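**Q** These protein sequence lines map, in sequence, to chains A and B.
Position 187 of the first sequence, counted from 1, bears residue number 1034 in the numbering used here, the numbering being contiguous throughout.
Position 115 of the second sequence, counted from 1, bears residue number 962 in the numbering used here, the numbering being contiguous throughout.
Beta carbons are placed, not taken as given, at the ideal position from N, Cα and C, and that holds for glycine.
Predicted model only: the values in this text are computed from it and were never measured.
Protein chains: 2
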Amino acid sequence: MKQKNPVASRTHAVDVQGIVRPLATVDVVIFTVLEGRLHVLLVSRPDAPGEPCPGMWALPGGFVDVEQDADLESCALRKLQHKTGVRSPYLEQVGSWGSSKRDPRGWSTTHVYFALIPTPEQPLQGANNSNAAWFPLQEQGVRVKLAFDHAKLLEAAVQRLRNKVEYTSLPAFLLPREFTLSELQRMYEVVLERPLEKSAFRTRVFAADLVEPVDKVRSGPNRPAQVYRLNRPHEIVYFPRTFSPRKGSED
Amino acid sequence: MKQKNPVASRTHAVDVQGIVRPLATVDVVIFTVLEGRLHVLLVSRPDAPGEPCPGMWALPGGFVDVEQDADLESCALRKLQHKTGVRSPYLEQVGSWGSSKRDPRGWSTTHVYFALIPTPEQPLQGANNSNAAWFPLQEQGVRVKLAFDHAKLLEAAVQRLRNKVEYTSLPAFLLPREFTLSELQRMYEVVLERPLEKSAFRTRVFAADLVEPVDKVRSGPNRPAQVYRLNRPHEIVYFPRTFSPRKGSED
DNA sequence: TAAGTTAGTTGCACAGTAGCACTAATCAAA
DNA sequence: TTTGATTAGTGCTACTGTGCAACTAACTTA
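(1) I need the straight-line Cα distance from Thr858(A) to Ala917(A), nearest angstrom please.
(2) Rounding to the nearest angstrom, what Cα-Cα distance links Pro1060(A) and Ala1072(A) in this structure?
(3) Looking only at its own chain, which residues have a Cβ that is under 7 Å from the Cβ of Phe1090(B), when we skip the five neighbours before and after it?
(4) Please state the DSSP three-state secondary structure of Thr957(B).
(5) Are any of the Cβ atoms in chain B nearer than 8 Å to that of Asp918(A)?
(6) Would you report the Cα separation of Arg1051(B) and Asp950(B), rounded to the nearest angstrom?
(7) Taking the C-alpha atoms as reference points, what is the distance between Val913(B) and Val876(A)?
(8) Are Arg926(A) and Ala979(A) touching if we call contact CB-CB under 8 Å?
(9) Using beta carbons (cut-off 8 Å, strictly below), is Pro1087(A) in contact with chain B?
(10) Against chain A, with Cβ distances strictly below 8 Å, would Thr1015(B) count as a contact?
(11) May I ask you to list, following chain order, the residues of the region 868 to 885 of chain A that have a beta carbon less than 8 Å from some beta carbon of chain B?
(12) Where does Pro1087(A) sit, in a helix, a strand or coil, going by DSSP?
(13) My understanding is that Ala905(B) touches Leu993(B), with C-beta atoms under 8 Å, so please give their C-beta distance in whole angstroms.
(14) Cα separation between Phe878(A) and Leu963(A)?
(15) Listing by chain order, which chain B residues have their CB less than 8 Å from the CB of Gln940(A)?
(16) Pair every Cβ in the region 999 to 1007 of chain A with every Cβ in the region 941 to 961 of chain A, then say whether three or more of these pairs are closer than 8 Å.
(17) Throw me the rounded Cβ distance for the Val981(B) and Leu885(B) pair, which I believe falls under 8 Å.
(18) By alpha-carbon positions, which one of Trp944(A), Tyr937(A), Glu939(A) and Pro936(A) ends up nearest to Glu939(B)?
(19) Interface residues of chain A around Ile964(B) at Cβ under 7 Å?
(20) Which two residues bound the contiguous beta strand (DSSP E) that contains His886(B)?
(21) Quick one: is Val867(A) buried, meaning 16 or more other Cβ sit within 10 Å of its Cβ, or exposed?
(22) Going by DSSP in three states, Glu1025(A) sits in which element: helix, strand or coil?
(23) Could you tell me whether any Cβ in chain B is nearer than 8 Å to the Cβ of His997(A)?
(24) Is Phe910(B) close to chain A, meaning its C-beta is less than 8 Å from at least one C-beta of that chain?
(25) Return the bridge partner residues of Asp874(A) from the DSSP annotation.
(26) Can you pull the chain A neighbours of His929(B), defined as C-beta to C-beta under 7 Å?
(27) At least one CB of chain B closer than 8 Å to the CB of Thr1050(A): is that the case?
(28) Would Thr956(A) count as contacting chain B if we go by Cβ distances under 8 Å?
(29) DSSP puts Leu1077(A) in a beta bridge; with which residues?
(30) Between which two residues does the alpha helix (DSSP H) holding Glu920(A) run?
(31) Give a yes or no on whether 8 Å exceeds the smallest Cβ distance from Gln850(A) to chain B.
(32) Please report how far the alpha carbon of Gly988(B) lies from the alpha carbon of Lys1011(B), in whole angstroms.
(33) Which same chain residues, not among the five before or five after Leu1039(A), have their C-beta less than 8 Å away from its C-beta?
(34) For Val887(A), decide whether its Cβ has a neighbour in chain B, counting only Cβ atoms nearer than 8 Å.
(35) Fully enclosed by the region 1005 to 1053 of chain B, which beta strand (DSSP E) runs are 3 residues long or longer?
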């Protein structure tokens, strides 16, 4: 087994052809809405010898397991299910990051996904949940300092989510299968952190044929609301415009 | 050096902690416009022993070099410059793919970027260009069968490009620094493969403050055209809407 | 029965694009 | 010098979808 560089072999795995391989991890940004605010799931880093950033909060994730994971997406799904118990969330890749500096253990890459799940009924019913907690999002990030470059990864995921919510049906995946239009609108408002026009919102939702009415109403101490569900539950719908283009934002 | 699994050690590199690392590559989808059509740069796979897919066409790319590359983006830039000589293209990550099956050499990941470069004056002036060629895009792909899962990667890049062109200033990066509005419009039409309204196009470009006039005109056998350049040459501008939302397309 | 609350509708104003017709400037051919 | 061809650039109307705000509807509670 010929090695390209004796220094590299100390910190990186080297295979038969002499190619030094970076570490490969997957991190998942799991969003949900609690108490009217967007939250992210974080886990605290283990406090064992050799583990970097012990005790710090980090995105749930870890090494790709080449024996267990058929591909990157199943790896992400595995980590999500392990932490939350959720099996079929909305899952989308944000991108990948890799550099020599992001992990003290050496040149490493991470494949970042974000997931949207409905508000959990019991708090954190997944296995191994003692070290996991929901953190409310403020602006781009979270109040605690994160391990590695996870603050940057989280910011990218939040930006992707906010951007996409402007012109897609994504917030529907933050709700259970059946919901009222007001509930859906509230999900948009929570993610975008600004109020939307009720009338324009409804027009847009109906024009896109996003939902169909269920033969139910949601009763409360006021006028009952029609209950809807997604027309095509696993498709994401694109609207022709973003909301309120009035404020021409310089990005 | 303790190994987790003797079988895995045959095909994968194993490091000190017993973690089996997948292969890590970067592939770049390099777009340009030639003869009024969108083209992609492809390279033919080497015909050496041990090399998979010998002789087939593939996206330019290769292994991440942990000693040469500071991060994934510099790796992509290095590969782009090596093939084309271009140093400062528009470069954006499309995403990453990884699975046990995409490369016969074992569990592998690729980080895919796409680049936009102006129509090259000399054809392929980069080093090592004997095995590289421009291929015109038809619909989602290219006429030849591609190595590995590169057809899928290319399709994702094309889709990303077409989507984003609908509401951004991306096609400006397919032109040299100075251009006329008709030339810019033609870039949009080439990528989107449909004609645009001249009047609406100009209104939109000026409203976004995308360009500023240069004190030049482009003369030809007809009325000369005002020459413009980008106002902020390295920023991408977002328009508030997509083009022609009239025809509500079912995606 | 009245007040409070949320659901859902209606109508007008406005912004930005589609569509199309129009004017403007140059060259080349007659 | 005029005419036609060609491309650059402008003006006008219709239409779509949102912003904004007022309105009606249905239910609960006091």
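**A** The relevant details are as follows:
(1) Here Thr858(A) scores only 44 on pLDDT, less than 50, and its place in the model should not be relied on; the value that follows carries that caveat. Distance between the alpha carbons of Thr858(A) and Ala917(A) is about 26 Å.
(2) Taking the straight line joining both Cα atoms gives about 11 Å.
(3) In the same chain as Phe1090(B), and ignoring 5 residues on each side of it, the C-beta atoms closer than 7 Å to its own belong to Glu1013 and Leu1043, in chain order.
(4) strand
(5) yes
(6) Between the alpha carbons of Arg1051(B) and Asp950(B) lies a gap of roughly 45 Å.
(7) Whole-angstrom Cα-Cα distance: 27 Å.
(8) The question names Arg, but residue 926(A) in the sequence shown is Lys. Lys926(A) places its beta carbon 8 Å or farther from that of Ala979(A).
(9) Answer yes: the Cβ-Cβ gap between Pro1087(A) and chain B drops below 8 Å somewhere.
(10) no
(11) Arg868, Pro869, Leu870 and Ala871
(12) coil
(13) 6 Å
(14) 5 Å
(15) Gly942 and Ser943
(16) yes
(17) Here the sequence assigns Trp to residue 981(B), which means Val is not the residue at that position. Not a contact, Cβ separation roughly 10 Å.
(18) Trp944(A)
(19) None at all; the shortest Cβ gap to chain A is about 22 Å.
(20) Arg884 to Ser891
(21) buried
(22) strand
(23) It does not; no Cβ of chain B falls within 8 Å.
(24) yes
(25) Paired residue(s): Gly908(A) and Val959(A).
(26) Simply none; closest approach about 18 Å.
(27) no
(28) yes
(29) Val1058(A)
(30) Leu919 to Thr931
(31) Any reading at Gln850(A) needs caution, since the residue's pLDDT is 40, under 50, leaving its predicted position unreliable; the model's value is listed next. No, its Cβ sits nowhere closer than 8 Å to a Cβ of chain B.
(32) 17 Å
(33) Arg1009, Val1012, Glu1013 and Phe1090
(34) no
(35) 1025 to 1027
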